[in-house]
């Protein structure tokens, strides 16, 4: 089972027990976050595509920690003007581990994969 989520302006394909990096979230390490912007869900046989989001779908993830990415160098230059400027940047990120993917249907029931309490669909 996999899903395509949107977080921090990026779209990512995620599977259960996968570790991903997203832009910094306001959550402490060890907390559980619920990503509700699910664009696509597939269980291997059935493919559900949202318009733009899949209704009732959510992805639960555990926060592993916060850090900063490798430094990138931004170099600006104008030819023949004697202008050049060097600047560095390190992007903040949050590391997540995907725990479960929930898909709600039109009847209001939810199916989950990857979590012990598969019948719980309310997010708490």
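Numbering (our numbering), first residue to last: 3 to 126.
Note that CB positions come from ideal geometry on N, CA and C, so glycine has one too.
Model, not experiment: these values are computed from the prediction.
Check: For residue 99, the three-state DSSP class (helix, strand or coil); Outcome: strand
Check: DSSP bridge partner residues for residue 44 (one or two, in chain order); Outcome: 4 and 49
Check: DSSP three-state assignment for residue 20, whether helix, strand or coil; Outcome: coil
Check: Pairwise C-alpha distance: residue 29 and residue 89; Outcome: 29 Å
Check: Bridge-paired residues (DSSP) for residue 27; Outcome: Bridge partners of residue 27: none, in fact.
Check: Collapsed DSSP secondary structure at residue 114 in the structure displayed; Outcome: strand
Check: Residue 24 versus 101, 47 and 71, residue with shortest Cα-Cα distance; Outcome: 71
Check: Segment contact, 8 Å Cβ cut-off, at least three pairs: the stretch 92-104 with the stretch 65-80; Outcome: yes
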